[in-house]
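Its first residue numbered 4, the sequence shown is counted upward by one per residue in the working numbering.
Here a beta-carbon is modelled for each residue, glycine too, at the ideal position from N, C-alpha and C.
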Amino acid sequence: ELFTLFIVLATFLLFLFCVTNGGIYVFTLLDHFAAGTSILFGVLIEAIGVAWFYGVGQFSDDIQQMTGQRPSLYWRLCWKLVSPCFLLFVVVVSIVTFRPPHYGAYIFPDWANALGWVIATSSMAMVPIYAAYKF
């Protein structure tokens, strides 16, 4: 219960500045960098983890145990090849076609864009950092 209280209070204090006069700019910056590429990268890592590390065979066995039917070759190929390749393509395209955020006519300064990239990469970097720590 204390942990939940700590998380709620920390989140409240961190996002309190979003309700100030300049809060829309902070919100726009967070919305632009915290969503999108970071989430796609997380989904890509998850797809690779299930397909290549856990294994499509083991995953298919688990689904067969739960549903009584083994997934068809179509699903296994999608999990192993199609989904990771497609997600990698989407992540690369989203990075290559990146445009700096703006709010109306306001264009964010370079330091704000750098802060946004730190926010985006902080969530993406946790997966390889933890993997390096674990192995």
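Determine whether the beta carbon atoms of residue 53 and residue 78 lie at a separation below 9 Å. In the sequence shown, the residue the question calls residue 53 occupies position 50. In the sequence shown, the residue the question calls residue 78 occupies position 75. Taking 9 Å as the Cβ cut-off, residue 53 and residue 78 do not qualify as a contacting pair.
**Message:** Am I right that residue 119 and residue 32 are in contact with their C-beta atoms under 8 Å? What's the rounded C-beta distance?
**Reply:** On the sequence shown, position 116 is the one that residue 119 refers to. On the sequence shown, position 29 is the one that residue 32 refers to. With 8 Å as the limit, residue 119 and residue 32 qualify as a contact, their Cβ atoms being about 5 Å apart.
Opposite residue 35 in the DSSP bridges: which residues? For this step, residue 35 is matched to residue 32 along the sequence shown. Beta-bridge pairing links residue 35 to no other residue.
Within the region 50 to 107, ranges of the alpha helix (DSSP H) (whole runs, at least 4 residues): 59 to 70, 76 to 80, 86 to 99
Could you check the C-alpha separation between residue 36 and residue 4 for me, to the nearest Å?
Taking the first residue of the sequence shown as 1, we reach residue 36 at position 33. Taking the first residue of the sequence shown as 1, we reach residue 4 at position 1. For residue 36 and residue 4, the distance between alpha carbons rounds to 31 Å.
Taking only runs that begin and end inside the region 105 to 138, name each unbroken alpha helix (DSSP H) of 4 or more residues, in chain order. 113 to 137
Grab me the residues of residue 44's own chain with a C-beta within less than 6 Å of its C-beta, minus the 5 sequence neighbours each way, in chain order. Stepping through the sequence shown from its first residue, residue 44 is reached at position 41. Correct list, in chain order: 94, 127.
### Task
Please state whether DSSP places residue 25 in a helix, a strand or coil.
Locating residue 25 in the sequence shown gives position 22, counting from the first residue. Three-state result, residue 25: coil.
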